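Residue numbers (the working numbering), protein chains in the order written: chain A, 1 to 132; chain B, 133 to 264; chain C, 265 to 396; chain D, 397 to 528.
Using N, Cα and C, we set each Cβ at its ideal position, and we do this for glycine too.
In this text the structure is predicted, and so the values were computed from the model without any measurement.
The block underneath contains the structure these notes are about, expressed in structure tokens.
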DNA sequence: GTGGTCTAGACCACC
DNA sequence: GTGGTCTAGACCACG
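Take a look at the structure:
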């Protein structure tokens with residue numbers, strides 16, 4: 001597995017890392033029991049601060065995606081890949097596959113697509129009734 | 133125009149403000165030449181610090197959406213309202229309206245929706261050939 | 265006399281007005297005793313707030329360039345066009361005529377020329393020994 | 397690199413800071429990749445508020461001179477060091493070095509020098525055909 | 001009236 | 001360690 005990181009995207013690097021590990025798990029590229037690269041080794045490969053990688057692993061562990069076994073490494077758990085989240089994701093994926101592809105075809109760049117989504121999210125927040 | 137802000141959403145308030153002004157401009161609710169509410173006045177209405185509003189206005193100016201005239205107020209620019217972007221946005225809006233609404237109905241929260249979109253964007257980037 | 269104002273230059277409008285009146289006086293376009301346009305009339309012509317024009321006149325009076333006679337209008341004084349300032353200006357003018365023309369010929373735009381001058385001014389301030 | 401600021405010059409402190417960083421970059425004192433002092437550290441050294449320094453850094457980033465990496469620091473960009481601008485600047489510098497020094501020797505103060513330059517810039521604009 | 005600058009200091013996020 | 005956000009409030013400058 002190789003990682004694609006963009007330090008200038010505004011998205012924190014540790015989140016990008018988490019993102020991609022999660023994505024790997026959700027798509028089956030990373031299976032239950034698979035070992036993730038060591039923190040230092042990965043940090044070296046992606047030319048990032050080990051603390052950044054450590055934070056990503058720590059958060060992934062908090063969320064139950066991986067298990068960090070002291071001295072042994074980090075391993076993918078099967079636990080929190082519970083039906084609920086998995087199913088939601090699986091059912092939603094084709095929706096966004098289509099939407100994003102269409103938008104890209106219309107000529108929108110990443111930035112514009114994100115803004116579009118944010119605008120819609122705010123509309124929904126508003127329907128739920130946020131603060132003033 | 134009224135603003136709906138959620139100070140606890142994790143999204144910086146000034147960004148939420150920018151988002152909504154942009155949205156207003158893109159949908160035509162704010163037209164070229166329209167004056168935005170005064171910094172202090174708006175700050176009072178939304179119960180936020182004037183500096184926070186000022187920051188939103190300053191950034192919007194940097195991005196070319198508005199023009200801030202010292203002593204006179206902030207005004208919507210016509211520049212970024214070019215057909216191109218406007219049209220792209222207008223054509224893409226219903227796509228995301230549907231997609232995000234469907235996803236929300238499936239139970240995905242904001243965070244999951246953003247991740248889903250990011251994953252799709254990465255897939256597209258990847259097709260074009262990305263870095264690392 | 266007509267005025268050239270740029271509300272987007274960053275330079276306050278009232279300063280631009282003062283600038284041009286001074287320039288007129290220094291070059292002889294405005295002579296001792298000449299009457300300046302009325303505040304309201306000028307404001308109308310240049311499409312600016314009368315307060316702005318008033319402020320320019322007030323400052324010009326403070327600096328002794330003009331005399332505002334209540335109910336009669338504003339008139340150019342000969343007083344502060346003393347030899348000293350006049351002479352300095354006259355001797356310095358060709359220097360900058362050359363410098364700015366050369367710089368423009370080299371392709372520098374207004375912004376770059378201003379920055380160049382500011383940098384030099386700071387170097388001089390520094391030689392005189394400013395605060396930290 | 398050390399900074400020389402004058403809080404009473406009328407020129408905003410954050411602009412003075414920007415000015416000096418830019419100058420450092422243009423003269424080569426600050427090279428591509430160099431790290432600028434930390435916001436709080438610099439604020440302490442120059443005895444100013446960290447927010448003031450932060451504003452200078454933020455603006456410099458907007459203008460492309462530096463890149464601010466959250467949690468890592470601020471770094472000089474290579475982008476704006478393109479030959480074109482650099483060369484223009486280098487060729488123009490001696491012109492203004494001479495001009496400003498001569499003007500200062502003639503007794504003109506900063507304000508008068510700026511006015512002189514503005515007058516010349518207007519003359520050039522005028523030749524090109526200006527507004528109002 | 002408008003916006004702009006600066007301060008002081010809390011609290012959070014990232015590397 | 002780094003920068004980012006937000007608050008509270010003083011004081012100034014522009015129209």
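Against residue 97 of chain A, the close residues of chain B are 252, in the order they occur along the chain (beta-carbon pairs closer than 7 Å).
At a cut-off of 8 Å between beta-carbon atoms, residue 418 of chain D makes contact with chain C.
Against chain C, the CB of residue 190 of chain B has no partner CB under 8 Å away; the residue lies outside that interface. Under the rule that a run must span 3 or more residues, the beta strand (DSSP E) segments found entirely inside the stretch 181-207 of chain B read 198-201. For residue 465 of chain D, the chain A residues whose Cβ falls inside 8 Å of its Cβ are 7, in order along the chain. Cβ neighbours of residue 14 of chain A within its own chain (closer than 6 Å, five residues either side excluded): 52, 55, 56. For residue 9 of chain A, the closest of A/120, A/126, A/111, A/94 by C-alpha to C-alpha distance is A/111.
Inter-segment contact for the stretch 84-102 of chain A and the stretch 222-238 of chain B is present: three or more beta-carbon pairs are separated by less than 8 Å.
In this structure residue 35 of chain A is in contact with residue 73 of chain A, their Cβ atoms being roughly 5 Å apart against a cut-off of 8 Å. Contact annotation for residue 102 of chain A against chain B: 227 [CB-CB distance below 7 Å, chain order]. Against chain C, the CB of residue 513 of chain D has a partner CB under 8 Å away; the residue lies at that interface. Nearest Cα to residue 294 of chain C within the set C/330, C/386, C/351, C/372: C/330. For residue 35 of chain A, the pairing in a beta bridge is given by DSSP as A/75.
Of the candidates A/113, A/39, A/33, A/107, A/39 places its Cα closest to the Cα of residue 71 of chain A. Annotation for residue 178 of chain B: 135, 137 place their beta carbon closer than 7 Å to its own, counting only its chain and skipping 5 residues before and after. About 18 Å separates the beta carbons of residue 455 of chain D and residue 397 of chain D, which is beyond the 8 Å limit, so they are not a contact pair.
For residue 425 of chain D, the three-state secondary structure derived from DSSP is coil.
Linking residue 257 of chain B to residue 250 of chain B through their CA atoms gives a straight-line distance of about 10 Å.
DSSP places residue 143 of chain B in the coil class of the three-state scheme, outside both helix and strand.
Listed along chain A, no residue sits closer than 7 Å to residue 149 of chain B by beta-carbon distance, the nearest being about 11 Å off. When the alpha-carbon of residue 61 of chain A is set against those of A/50, A/49, A/75, the nearest one is in A/75.
Chain-ordered, the chain A residues with CB closer than 8 Å to the CB of residue 240 of chain B read 88, 89, 92. A/26 is the residue among A/16, A/26, A/7 whose C-alpha sits nearest the C-alpha of residue 87 of chain A. In this structure, residue 341 of chain C sits near residue 296 of chain C, with a CB-CB distance shorter than 8 Å.
Residue 247 of chain B: member of the alpha helix (DSSP H) spanning 242-260, first to last residue. Residue 388 of chain C belongs to the set of residues whose beta carbon lies under 8 Å from a beta carbon in chain D. At least 8 Å separates the beta-carbon of residue 115 of chain A from that of residue 260 of chain B.
When DSSP states are grouped into helix, strand and coil, residue 398 of chain D belongs to the coil group.
Using a Cβ-Cβ cut-off of 9 Å, residue 377 of chain C is close to 488, 492, 513, 516, 517 of chain D, given in chain order. Following the DSSP letters along the chain, one finds residue 232 of chain B inside the alpha helix (DSSP H) bounded by residues 215-237.
The straight-line gap separating the alpha-carbon atoms of residue 63 of chain A and residue 276 of chain C is approximately 55 Å. When the beta-carbon positions are compared, residue 509 of chain D and residue 372 of chain C stay at least 8 Å from each other.
The beta carbon of residue 24 of chain A is closer than 8 Å to those of 1, 30 in its chain, skipping five residues each way along the sequence.
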